[in-house]
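As structure tokens, the structure follows; a few thoughts come after it.
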Amino acid sequence: QSSVTLYGVADMAVGKTNKAGLGLANDKFQAIASNTLNNGTSRFGFKGVEDLGGGLKAGFNFEGGLSLADGSGNKSGGQLFSRAANMSLMGGFGEIRGGRTLTTSFYSIASWELTGTANYSVVANQFGFAGAGPRDSGVVMYNSPNFSGFSFSASTILKGNAVYGTAADPKGKYDLSATYANGPIVASFAYNKVQDGNKGYALGGKYNFGPAAVAASIQKSQTNSGTILAKGYTLGVSGNVGAVGLTFDYARDSEYKDSDYLLEAKYPLSKRTFAYAVYMRDGKGKQPEAVNGYSLGLRHNF
Amino acid sequence: QSSVTLYGVADMAVGKTNKAGLGLANDKFQAIASNTLNNGTSRFGFKGVEDLGGGLKAGFNFEGGLSLADGSGNKSGGQLFSRAANMSLMGGFGEIRGGRTLTTSFYSIASWELTGTANYSVVANQFGFAGAGPRDSGVVMYNSPNFSGFSFSASTILKGNAVYGTAADPKGKYDLSATYANGPIVASFAYNKVQDGNKGYALGGKYNFGPAAVAASIQKSQTNSGTILAKGYTLGVSGNVGAVGLTFDYARDSEYKDSDYLLEAKYPLSKRTFAYAVYMRDGKGKQPEAVNGYSLGLRHNF
Amino acid sequence: QSSVTLYGVADMAVGKTNKAGLGLANDKFQAIASNTLNNGTSRFGFKGVEDLGGGLKAGFNFEGGLSLADGSGNKSGGQLFSRAANMSLMGGFGEIRGGRTLTTSFYSIASWELTGTANYSVVANQFGFAGAGPRDSGVVMYNSPNFSGFSFSASTILKGNAVYGTAADPKGKYDLSATYANGPIVASFAYNKVQDGNKGYALGGKYNFGPAAVAASIQKSQTNSGTILAKGYTLGVSGNVGAVGLTFDYARDSEYKDSDYLLEAKYPLSKRTFAYAVYMRDGKGKQPEAVNGYSLGLRHNF
């Protein structure tokens, strides 16, 4: 009986941008890996779940990112296992997780976002995950069980861990979400706040018509003093043309008059492997000029 | 037939100290990982043993440490596989091992120490492992077979590897132990010395009464010029109350008038997973003021 | 059905050189790991191949190097997965590979080199791999299928990846080979060139007589302005005496009047494990004085 699963992702593309940007240092045609124009960041991970009896389970997950461009590790946060380093107790009460993990707000956005929170997601590129990054260190998280489609999540970062603030003056953080998922509909609200620091929210949803799905959200994040960091909405549609999955996603920051959009085509080669083509535009507003780019890539999950 | 086993540990706790110390940067309640108040350092490893025929076996072990606080790697020595990077030839003659490994003195102390050389072991925190760290690089080790309960180990670090001393003036090291383990009794003596450098010894033992066990040791380490680094004794008792394993351990450095002690409770959730609660006090003497702390944690072996 | 294989190598030796050199910092007897006098660099890797149907397959390979001397990682190029970080599409058309990989020129030399491109290969130590290193980042590679013993490989590094040149003025690279392998004979030609940079070629072959094999090559590499970096030939013979495999290899750079040679003995302990003894001499010419050394080692593949 195996007590650990080795898994990962290999993702590589070729493409270019019209100028340096979208993570690329120049505007030349190039191999692209673990970057904005990839579907995902290449990774390796170890995970396992042990049944403790009485409905209780223990689980863990260590996950590190790497680049197929040069073999470098420490992606997605600068540490060997920056993508995940956590353990969980699970039972009828839900899940208590501790360590470095994707955030409560991340999971909220992921529940309705149309690209599967791809690296090139314009929702995430425009608004982050309710204004914050996808992961935090030193998290203590609670995920509720499913109550007839309704679930919630609450996380905190203990002040003593000094993940935010300074060593001399550490700050805590909390992160909350409520999600309803039932049949064709998903709706989720996320809110997170750093003590004396940034706060943000996102209210989003998705409706699945069968042949197609639409998703939309409203988002806002600001500093502690009230300066708007991002404010606006997203709107997307997704559907299949034959075997090809197509997605158009649009993210508008009305505060900064900044429009990002994305056209994505995915062609499945197997259940674990697909080819993708993407055109992405990151509008001006938060940067002096708009930049656009495309890529053609391959992602293999193992 | 699998030729390699992937294994590891996930260990995380919450707790606090009365002031900065015991590895914590402040006195606030916090998540604690791969630190003094954890049972163990989280880790991942690869190991295997191949039967070469004729009673001969070849084995290897690569092991790296990580922190569940932030996903950082390179624990237990600053390198990717600082916890273990070695290979072995084993046969009727015993084992010859080469590489980075736990030391001969470590295994001697581990044979009788009551917490399983937990990170919070006061024996190790007061006296190290016969005055030295738990691991060395560039080791060539010989472990004897068991002769009616008696075994010994001898290690050397070849001078050319410059693990001790400087590149221009490298120093060798040797490390010796003799252990008797039979039925309820374990006794072990360890001695190690760096050429023109520190030396230390530890003589310890454990007696298992059935419901309880007691362990004791005398220890001394000093510099090449004779300055005492640590000198004293340890005394501990361990037993079960229902399913809960309790340990009290005490380590006294009489030279520095420094007393460390520990109260540990362990509750098994399965053969591979347990919860632990610990209170630890690190006395003054080697530091200006005593510091104490507690933690409540979960360890999962996979 | 497993979708990923965990594999690796553990390799460690003891030995010495007559002066600092061959990767060793001093002339003292020492443990040697992931260095010139080892058969190979210790490593761990993850790889897998997925059948996509219709004759198409997807594969990936992540591989990192480590040292058994101190547990350090990031060998063979300074990154976590410097040894390999790539993915492939394979079919009747051959293989298209992208990422960090052994080069087209490396595989050409490896097809006829007698030590299995051991770390102590004098062919590689004298001439590199057609004048270049064994691996490149940002590669897009095509490997042809086998046409009655004939195959070819072509690789490029896209200019935008700036693997060569500077970020402001990136340079591309291409790498070509043609190989004929049929029964006892292997012959291969490799040529690679960095845009506005170094270029090199190697033409080598091996003939297997049954009890013995001979290999020979001619090699040349130079800078863009025509300065010779290396120019000469190699000649080697390999055979079995009982269970022991013996190799003598000689690499002469006639431009620098530099002769390197090697005596290697390998004794198999199993299909996956062997002991080796090697004497290697790196002649003067490219360095002020010759250096020689020997080692006795053990390599275990898992």
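Top line first, the protein sequences correspond to chains A, B and C.
No gaps in the numbering here: position 107 of the first sequence is 124 in our numbering, and each next residue is one more.
No gaps in the numbering here: position 278 of the second sequence is 295 in our numbering, and each next residue is one more.
No gaps in the numbering here: position 187 of the third sequence is 204 in our numbering, and each next residue is one more.
Glycine included, every Cβ here is placed at the ideal spot set by N, Cα and C.
What you are looking at is a predicted structure, and each value in this text was computed from that prediction instead of being measured.
- If you draw a straight line from the Cα of residue 137 of chain B to the Cα of residue 236 of chain B, it comes to about 18 Å.
- Against residue 290 of chain B, the close residues of chain A are 67, 69 and 75, in the order they occur along the chain (beta-carbon pairs closer than 8 Å).
- Residue burial is scored here from C-beta neighbours: residue 151 of chain B has at least 16 other C-beta atoms within 10 angstroms and is therefore classed as buried.
- Within the same chain, 291 come within 6 Å of residue 285 of chain B by CB-CB distance, once the 5 residues on both sides are set aside.
- Contact annotation, residue 209 of chain C with residue 47 of chain A: C-beta distance approximately 19 Å; criterion of less than 8 Å not satisfied.
- The Cβ of residue 178 of chain A sits closer than 9 Å to at least one Cβ of chain B.
- For residue 96 of chain B, the nearest beta carbon of chain A is not closer than 9 Å to its own beta carbon.
- The C-alpha of residue 121 of chain B is placed about 6 Å away from the C-alpha of residue 193 of chain B.
- Within chain C, 27, 29, 85 and 88 have C-beta atoms less than 9 Å from the C-beta of residue 103 of chain B, given in sequence order.
- Chain-order list of chain A residues neighbouring residue 182 of chain C: empty, with the shortest C-beta distance near 11 Å, by a criterion of under 7 Å.
- In the DSSP annotation of this structure, the continuous segment of the beta strand (DSSP E) that includes residue 264 of chain B starts and ends at 261-270.
- Take residue 62 of chain C, set aside five residues on each side of it, and the residues of its chain with a beta-carbon closer than 8 Å to its own are 23, 24, 25, 78, 79, 80, 81, 100 and 101, in chain order.
- Beta-bridge annotation (DSSP): residue 130 of chain B is not paired with any residue.
- Among the residues of chain B, none has a CB under 7 Å from the CB of residue 316 of chain A; the nearest is roughly 23 Å distant.
- Residues of chain B whose Cβ lies closer than 8 Å to the Cβ of residue 46 of chain C are, in chain order, 175, 176 and 177.
- Between residue 157 of chain B and chain C, the shortest Cβ-Cβ separation is below 9 Å.
- Taking 8 Å as the upper bound for CB-CB distance, residue 314 of chain C and residue 56 of chain C are in contact here, some 6 Å apart.
- Taking a beta-carbon distance threshold of 9 Å, residue 115 of chain B counts as an interface residue toward chain C.
- In the DSSP assignment, residue 309 of chain B falls within the unbroken beta strand (DSSP E) covering 308-318.
- In terms of beta-carbon proximity, residue 185 of chain B stays away from the interface with chain A, with every pair separated by 9 Å or more.
- No residue range can be given for residue 212 of chain B, since it is assigned to no alpha helix (DSSP H) and is classified by DSSP as neither H nor E.
- Leaving aside the five residues that flank residue 225 of chain C on each side, the residues in its chain whose CB is nearer than 6 Å to its CB run, in chain order, 201.
- Looking at the DSSP output, residue 47 of chain C sits in a beta bridge with C:32.
- For the options A:68, A:287, A:97 and A:318, the alpha carbon positioned closest to that of residue 83 of chain A is the one of A:97.
- In this structure, the beta-carbon distance from residue 76 of chain B to residue 64 of chain B falls below 9 Å.
- For residue 154 of chain C, the chain A residues whose C-beta falls within less than 8 Å of its own C-beta are 86, 87 and 88, listed in chain order.
- Using a Cβ-Cβ cut-off of 9 Å, residue 198 of chain A does not count as an interface residue toward chain C, since no Cβ of chain C sits closer than that to its own.
- Assigned with DSSP and collapsed to three states, residue 99 of chain C falls in coil, not helix or strand.
- Of the other Cβ atoms in all chains shown, fewer than 16 fall within 10 Å of the Cβ of residue 305 of chain B; this residue is therefore exposed.
- Contact of residue 106 of chain A with chain B is assigned, a C-beta pair being separated by under 9 Å.
- At least 9 Å separates the CB of residue 57 of chain C from every CB of chain B.
- Cβ neighbours of residue 318 of chain C within its own chain (closer than 8 Å, five residues either side excluded): 24, 25, 26, 289 and 290.
- Residue 39 of chain C has a beta carbon lying at 9 Å or more from every beta carbon in chain B.
- Annotation for residue 146 of chain A: no alpha helix (DSSP H) segment contains it, and DSSP assigns it neither H nor E.
- Rounded to whole angstroms, the separation of the alpha carbons of residue 269 of chain C and residue 218 of chain C is 15 Å.
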